[in-house]
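Trainee:
In C-alpha cells, the structure reads:
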C-alpha cells in the first residue's frame with residue numbers, strides 16, 4: 004500500500020512539473036509587453052509581426068481588417084459592451100492603457116467600430132461627421 008501511495012504521489016508531482024514547464028515555455032514565446040499579458044488581447048495580435056516601434060499587427064476577428072496596435076494597450080472584455088461581434092459585418096471594441104501622470108492614473112482609450120455600410124450612405128455620414136467635428140454648415 005505504501006509503494007502504491009508513493010507511486011501515485013510521484014506521478015502527480017511529475018505531471019505538475021511537466022505541465023508547469025510546458026506553460027512556462029509557452030508563455031516565454033510572447034513579448035514581454037502589456038498587450039501580450041492579457042490572454043484576450045493576445046488572441047488578436049501576431050507576436051511575430053512587430054510593426055514599427057511599439058506596435059504589433061492586430062487582426063480583426065471578422066477578418067475584414069488589420070491595424071497597428073500599441074503594445075501597451077489591452078482590449079477590454081469584462082463587460083458585454085466592451086467587445087461585441089456579429090459575424091463579419093460588425094465588430095466593436097475598446098482598448099485601454101493606464102499611465103501615471105503627475106501622481107494620478109490617467110486612462111487612455113481606443114474605441115473602434117467596424118460596420119459594413121451601404122456606399123450610398125457614406126456621403127451622408129461623412130457630411131454629418133464634418134458638421135459635428137468642425138462646425139461646418141455645408142460640405143462640398
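In the numbering used here, the protein residues as written are 4 to 143. Every residue gets a Cβ at the ideal spot worked out from N, C-alpha and C, and that includes glycine.
1. Could you give the uninterrupted runs of the alpha helix (DSSP H) lying entirely in the region 69-106, keeping only those of 4 residues or more?
2. May I have the straight-line CA-CA distance separating residue 2 from residue 118, to the nearest angstrom?
3. Please work out which residues of its chain come closer than 6 Å, Cβ to Cβ, to residue 111, disregarding the five sequence neighbours upstream and downstream, and give them in chain order.
4. In chain order, what residues of the same chain have a beta carbon less than 6 Å from the beta carbon of residue 95, not counting five sequence neighbours either side?
5. To the nearest angstrom, how far is the alpha carbon of residue 145 from that of residue 14?
6. Which residues in the same chain as residue 55 place their Cβ atom closer than 7 Å to its Cβ, once the five residues preceding and following it in sequence are excluded?
7. Pick from 81, 93 and 47: whose alpha carbon is nearest that of residue 58?
8. Kindly give me the distance between the Cβ atoms of residue 36 and residue 74, rounded to whole angstroms, as I take these residues to be in contact under 8 Å.
Mentor: Taking the geometry as given:
1. none
2. What is shown of the chain runs 4 to 143, which leaves residue 2 out entirely.
3. The residue you call residue 111 lines up with position 108 of the chain shown. Result list for residue 111: 100, in chain order.
4. By one-based count along the chain shown, residue 95 stands at place 92. The answer, listed in chain order, is 87 and 116.
5. The question about residue 145 has no answer, for the chain in this structure spans 4 to 143.
6. For the purposes of this step, residue 55 is identified with residue 52 of the chain shown, where counting begins at 1. For residue 55, where only same-chain residues beyond five positions count, the Cβ hits under 7 Å are 71.
7. Numbered from its first residue, the chain shown carries residue 58 at position 55. Nearest C-alpha to residue 58: 47.
8. Walking along the chain shown from the start, residue 36 turns up at place 33. Walking along the chain shown from the start, residue 74 turns up at place 71. Approximately 4 Å separates the beta-carbon atoms of residue 36 and residue 74; this is inside 8 Å, confirming the contact.
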